[in-house]
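Numbering (my numbering), first residue to last: 12 to 164.
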């Protein structure tokens, strides 16, 4: 069984976006990532189709489909947990503290997933084109997921 279609839509779009931007950080501010290089796997199920990884360097990051062979960390969760995070129906801290999100390897790798969700939810609250794009991105993933979850801002 493959991962939820909403999760697939969300991350495959991130793969395309980070490929188009050349992996440049999209924060607008200078971020100090010095010393943080490697790949972090985001795993949503047992098969190779159920995973993406984020390649990190001091000034760039890029999402790629599939598992990295030698990650510095792996974040594992069920697709439904990710969709609830994205919709705003649970918090990252609650999900991690209750064991719904598991981190193997370097513990700070969990920030890849938490910051991705946080950035999308933060941008979705904005007015204008950036807010519209973030809301569309989240809502289309939730709709495709067929869970019935709706974005709560």
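Ideal Cβ placement from N, Cα and C applies to all residues, glycine included.
Since the structure is predicted, the reported quantities are computational estimates derived from the model, not experimental observations.
Run of the beta strand (DSSP E) containing residue i, from where it starts to where it stops
i           : result
residue 67  : 62-67
residue 51  : 49-54
residue 76  : 72-76
residue 115 : 112-116
Straight-line gap, residue i to residue j (C-alpha atoms, nearest Å)
i           : j           : result
residue 145 : residue 25  : 12 Å
residue 154 : residue 124 : 20 Å
residue 50  : residue 131 : 21 Å
residue 76  : residue 87  : 15 Å
residue 138 : residue 17  : 24 Å
residue 152 : residue 97  : 9 Å
With 16 other Cβ atoms within 10 Å as the buried cut-off, status of residue i
i           : result
residue 104 : exposed
residue 63  : buried
residue 160 : buried
residue 84  : buried
residue 90  : buried
Neighbourhood of residue i by C-beta distance below 7 Å, restricted to the same chain and skipping five residues each side
i           : result
residue 34  : 71, 72 and 73
residue 100 : 160 and 163
residue 117 : 83 and 84
Span of the alpha helix (DSSP H) around residue i
i           : result
residue 158 : First-last for residue 158: undefined, no H or E at that position.
residue 18  : 16-31
residue 123 : 121-135
Own chain residues within Cβ distance below 6 Å of residue i, not counting five before or after
i           : result
residue 60  : 13
residue 106 : 92 and 112
Close-in-space but distant-in-sequence residues of the same chain around residue i (CB under 8 Å, 5 per side omitted)
i          : result
residue 67 : 44, 47, 48, 49, 50, 51 and 123
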